[in-house]
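Chains as they are written, first to last, in my numbering: chain A, 1 to 282; chain B, 1 to 282. Idealized CB from N, CA, C, for every residue including glycine. As the structure is a computational prediction, the values presented were derived from the model and not from experiment.
2 protein chains.
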Amino acid sequence: MAEGGAPEAHEARPLTVLAALVAYDGTDFKGFQRQSAERGRTVQGVIERASERVAGEAVPVVGAGRTDTGVHASGQVISFASRARLDLGAWQRALNANLPPDVAVRGVAMVAPEFHARRSALARRYRYRILVDPVRAPLAERYAWRVAYPLDVATMAAATALLVGEHDFSAFGSSPRDRPGEGYRGHTVRKMLEASVHCVHGGDERRAGGSQIELRFAANAFLTGMVRRLVGTLALVGAGRLSLAEFVAILESRDKAHRGVAAPACGLCLTRVDYPADVLAW
Amino acid sequence: MAEGGAPEAHEARPLTVLAALVAYDGTDFKGFQRQSAERGRTVQGVIERASERVAGEAVPVVGAGRTDTGVHASGQVISFASRARLDLGAWQRALNANLPPDVAVRGVAMVAPEFHARRSALARRYRYRILVDPVRAPLAERYAWRVAYPLDVATMAAATALLVGEHDFSAFGSSPRDRPGEGYRGHTVRKMLEASVHCVHGGDERRAGGSQIELRFAANAFLTGMVRRLVGTLALVGAGRLSLAEFVAILESRDKAHRGVAAPACGLCLTRVDYPADVLAW
Numbered sequence: 001m002a003e004g005g006a007p008e009a010h011e012a013r014p015l016t017v018l019a020a021l022v023a024y025d026g027t028d029f030k031g032f033q034r035q036s037a038e039r040g041r042t043v044q045g046v047i048e049r050a051s052e053r054v055a056g057e058a059v060p061v062v063g064a065g066r067t068d069t070g071v072h073a074s075g076q077v078i079s080f081a082s083r084a085r086l087d088l089g090a091w092q093r094a095l096n097a098n099l100p101p102d103v104a105v106r107g108v109a110m111v112a113p114e115f116h117a118r119r120s121a122l123a124r125r126y127r128y129r130i131l132v133d134p135v136r137a138p139l140a141e142r143y144a145w146r147v148a149y150p151l152d153v154a155t156m157a158a159a160t161a162l163l164v165g166e167h168d169f170s171a172f173g174s175s176p177r178d179r180p181g182e183g184y185r186g187h188t189v190r191k192m193l194e195a196s197v198h199c200v201h202g203g204d205e206r207r208a209g210g211s212q213i214e215l216r217f218a219a220n221a222f223l224t225g226m227v228r229r230l231v232g233t234l235a236l237v238g239a240g241r242l243s244l245a246e247f248v249a250i251l252e253s254r255d256k257a258h259r260g261v262a263a264p265a266c267g268l269c270l271t272r273v274d275y276p277a278d279v280l281a282w
Numbered sequence: 001m002a003e004g005g006a007p008e009a010h011e012a013r014p015l016t017v018l019a020a021l022v023a024y025d026g027t028d029f030k031g032f033q034r035q036s037a038e039r040g041r042t043v044q045g046v047i048e049r050a051s052e053r054v055a056g057e058a059v060p061v062v063g064a065g066r067t068d069t070g071v072h073a074s075g076q077v078i079s080f081a082s083r084a085r086l087d088l089g090a091w092q093r094a095l096n097a098n099l100p101p102d103v104a105v106r107g108v109a110m111v112a113p114e115f116h117a118r119r120s121a122l123a124r125r126y127r128y129r130i131l132v133d134p135v136r137a138p139l140a141e142r143y144a145w146r147v148a149y150p151l152d153v154a155t156m157a158a159a160t161a162l163l164v165g166e167h168d169f170s171a172f173g174s175s176p177r178d179r180p181g182e183g184y185r186g187h188t189v190r191k192m193l194e195a196s197v198h199c200v201h202g203g204d205e206r207r208a209g210g211s212q213i214e215l216r217f218a219a220n221a222f223l224t225g226m227v228r229r230l231v232g233t234l235a236l237v238g239a240g241r242l243s244l245a246e247f248v249a250i251l252e253s254r255d256k257a258h259r260g261v262a263a264p265a266c267g268l269c270l271t272r273v274d275y276p277a278d279v280l281a282w
């Protein structure tokens with residue numbers, strides 16, 4: 001307690017850097033990244049409004065993955081710094097009390113001052129869900145892309161496995177604008193750590209929902225639109241409209257001309273961001 | 001073809017009775033049953049608007065289960081009669097083309113003239129999902145009731161098993177108004193064919209969504225609000241606030257005083273309606 005009971009100067013409080021695990025239903029968001037108000041509601045925007053209310057001052061927030069309009073997240077990670085004197089549980093409760101129902105802070109951790117949600121991340125993990133069903137399925141389509149034609153999952157899995165390793169993915173996406181200076185090749189080369197496809201059968205709900213296919217991708221980083229364009233192109237492979245050789249040729253061409261259209265945002269979810277275990281272990 | 005090519009009189013066409021399997025996301029509906037327009041949008045209302053557009057005349061629709069406001073369905077069954085000359089596939093496509101995205105006709109079948117979706121049904125099956133999680137989970141709460149405290153699934157399963165068989169369920173619901181004349185006992189006695197609880201673990205999404213508990217109930221018919229009040233009371237058992245003996249006493253009392261409050265509608269889904277196999281085999 002300061003002598004004489006005078007309130008401690010705000011500037012004298014130590015600056016604490018915090019990380020938060022964030023989940024959101026992306027349906028009603030124009031993506032993660034803050035935009036001008038007239039361009040729409042964003043996840044970063046609603047979190048920064050909440051954190052400002054909690055801290056009593058503007059608290060800029062950094063996100064590990066800049067998810068697009070309509071993309072969901074169960075494991076987004078954000079970082080921010082504040083002088084507010086709140087313990088971790090109080091931060092979580094206060095943020096959640098100020099967030100809308102479609103965003104929630106699932107955990108808060110104290111991290112080292114140099115932590116940066118995006119730059120400190122080792123890898124991002126995404127899941128994409130496809131529902132194979134000729135008929136609309138209202139209970140599934142909020143979180144899955146419905147495809148009306150059959151897909152050969154084994155062929156899709158063979159194509160997906162070819163993505164693992166370091167590749168120039170420029171056929172499937174573009175480098176974010178604000179990361180210049182990495183050199184020509186560095187711009188669009190990413191290291192795919194895991195890529196898999198498997199079928200999830202509908203069980204006794206089969207009549208009401210067709211079969212579900214789940215694609216999972218982990219990479220050090222992803223190009224803008226990369227997962228959705230990979231999924232759109234893999235669906236062409238699954239439908240027999242592209243051969244495995246043609247898929248490889250598209251990847252190797254670094255040319256956007258022959259790839260499939262991007263799969264819809266609703267099927268995509270950022271499930272996890274990996275950090276070095278001594279930096280952030282969630 | 002009528003002689004002379006004159007259009008056949010509408011009345012001369014045979015009346016066909018059809019059954020349709022219907023799925024809907026109940027979030028934005030004031031339940032299944034048609035109401036006055038100012039009381040809100042109902043599933044029956046949007047289906048009857050669609051069927052009228054398809055058939056060119058009013059087509060009253062009967063539903064097997066009168067789901068409440070906010071309750072979902074993956075296997076609702078409706079029946080209706082029409083003189084429109086459309087094959088089954090054309091009926092399905094035309095209805096779906098005229099239905100909003102949150103309702104879909106998953107199948108259409110021709111049935112005997114005496115078929116009635118509600119009266120011909122042998123049993124209804126409901127699923128209720130509980131998410132046990134102290135923190136909001138935006139990707140799960142559209143289709144599950146989030147409970148912030150731990151639940152003992154084994155004790156809940158023991159209580160649930162006691163429901164199987166013929167019981168007077170008046171402690172948990174009331175008889176629909178329009179079924180009088182069944183006598184005192186007949187009013188609120190229902191035969192529970194199956195009742196079970198099991199835990200569905202979250203796998204690698206665990207961090208983002210806690211553990212999920214699924215309750216399943218099948219009965220010849222259900223009282224109004226019965227499943228949600230059973231679930232609300234079983235949650236008290238799971239939380240240790242009611243003993244098994246107290247749960248039995250509530251069931252046997254036929255008294256609404258000590259039951260739990262109804263669990264929220266979002267967790268409930270009508271998954272299936274059973275008919276004699278020779279009547280409708282879906």
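Residue closest to residue i, alpha-carbon to alpha-carbon, out of the options
{"i": "H258(B)", "options": "C266(B), V248(B), P264(B)", "result": "V248(B)"}
{"i": "T69(A)", "options": "G31(A), L244(A), R129(A)", "result": "G31(A)"}
{"i": "C199(B)", "options": "E214(B), S170(B), L86(B)", "result": "E214(B)"}
{"i": "G369(A)", "options": "R272(A), E166(A), P134(A), V147(A)", "result": "Only positions 1 to 282 of chain A appear in the structure, and residue 369(A) is not among them; the question remains open."}
{"i": "V261(B)", "options": "E246(B), L230(B), S243(B)", "result": "L230(B)"}
{"i": "A140(A)", "options": "L15(B), A158(B), A23(B)", "result": "A23(B)"}
{"i": "P264(B)", "options": "L242(B), G225(B), E252(B)", "result": "G225(B)"}
{"i": "M156(A)", "options": "D278(A), V273(A), L236(A), L251(A)", "result": "L236(A)"}
{"i": "R106(A)", "options": "L193(A), S253(A), S243(A), L21(A)", "result": "L21(A)"}
{"i": "M110(B)", "options": "G89(B), R119(B), R93(B)", "result": "G89(B)"}
{"i": "R85(B)", "options": "V164(B), P113(B), G56(B), T67(B)", "result": "G56(B)"}
{"i": "A277(B)", "options": "A50(B), A112(B), P138(B)", "result": "A112(B)"}
{"i": "L293(B)", "options": "G75(B), R93(B), E114(B), A50(B)", "result": "This structure gives no information on residue 293(B), because the portion of chain B shown stretches from 1 to 282."}
{"i": "A64(B)", "options": "A221(B), E38(B), L244(B), R142(B)", "result": "A221(B)"}
{"i": "W282(B)", "options": "F29(B), D28(B), V77(B)", "result": "V77(B)"}
{"i": "G240(B)", "options": "D87(B), D28(B), L151(B), E38(B)", "result": "L151(B)"}
For residue i: DSSP bridge partner residues
{"i": "F222(A)", "result": "According to DSSP, F222(A) bridges with nothing at all."}
{"i": "S174(A)", "result": "T224(A)"}
{"i": "S120(B)", "result": "Answer by DSSP bridge pairing: none, since S120(B) is not bridged."}
{"i": "T16(B)", "result": "S82(B)"}
{"i": "S211(A)", "result": "V132(A)"}
{"i": "L21(B)", "result": "V77(B), G107(B)"}
{"i": "R216(B)", "result": "R127(B), S196(B)"}
is_contact[residue i, chain D] using C-beta, thresh 9 Å
{"i": "V164(B)", "result": "The chain labelled as chain D is not found among the protein chains of the depicted structure, namely A and B."}
Residue i and residue j closer than 9 Å at C-beta
{"i": "V197(A)", "j": "V153(A)", "result": "yes"}
{"i": "A161(B)", "j": "A195(B)", "result": "yes"}
{"i": "A117(B)", "j": "S79(B)", "result": "yes"}
{"i": "G210(A)", "j": "L131(A)", "result": "yes"}
{"i": "V108(A)", "j": "L95(A)", "result": "yes"}
{"i": "V54(A)", "j": "W91(A)", "result": "yes"}
{"i": "L163(B)", "j": "L242(B)", "result": "no"}
{"i": "A219(B)", "j": "L193(B)", "result": "yes"}
{"i": "Y275(B)", "j": "S120(B)", "result": "yes"}
{"i": "A104(A)", "j": "R136(B)", "result": "yes"}
{"i": "S51(A)", "j": "V43(A)", "result": "no"}
{"i": "R34(B)", "j": "E48(B)", "result": "yes"}
{"i": "K191(A)", "j": "G165(A)", "result": "yes"}
{"i": "P138(B)", "j": "Y149(B)", "result": "no"}
Residue range of the unbroken alpha helix (DSSP H) whose run includes residue i
{"i": "L95(A)", "result": "88-98"}
{"i": "V197(A)", "result": "Segment 189-200 is the beta strand (DSSP E) holding V197(A); no alpha helix (DSSP H) there."}
{"i": "A161(A)", "result": "153-161"}
{"i": "R49(B)", "result": "43-55"}
Range covered by the beta strand (DSSP E) that runs through residue i
{"i": "S243(B)", "result": "Where S243(B) is concerned, there is no enclosing beta strand (DSSP E), given that its DSSP letter is neither H nor E."}
{"i": "H258(A)", "result": "H258(A) -> no beta strand (DSSP E), and no H or E assigned at all."}
{"i": "W145(A)", "result": "145-147"}
{"i": "G165(A)", "result": "165-168"}
{"i": "L268(B)", "result": "268-274"}
Supposed close pair residue i, residue j - CB separation, criterion 8 Å
{"i": "A171(A)", "j": "D255(A)", "result": "6 Å"}
{"i": "L270(B)", "j": "A19(B)", "result": "Contact doesn't hold; Cβ gap of about 15 Å is too wide."}
{"i": "A81(A)", "j": "V17(A)", "result": "5 Å"}
{"i": "Q40(A)", "j": "H72(A)", "result": "According to the sequence shown, residue 40(A) is Gly rather than Gln. 16 Å between Cβ atoms; not a contact."}
{"i": "Y128(A)", "j": "G267(A)", "result": "5 Å"}
{"i": "F283(B)", "j": "L223(B)", "result": "What the structure shows of chain B is the stretch from 1 to 282, and residue 283(B) is not part of that stretch, so it cannot be assessed."}
{"i": "G75(A)", "j": "R216(A)", "result": "Wrong, their Cβ atoms sit about 13 Å apart, outside the cutoff."}
{"i": "R83(A)", "j": "R13(A)", "result": "4 Å"}
{"i": "H187(B)", "j": "S175(B)", "result": "4 Å"}
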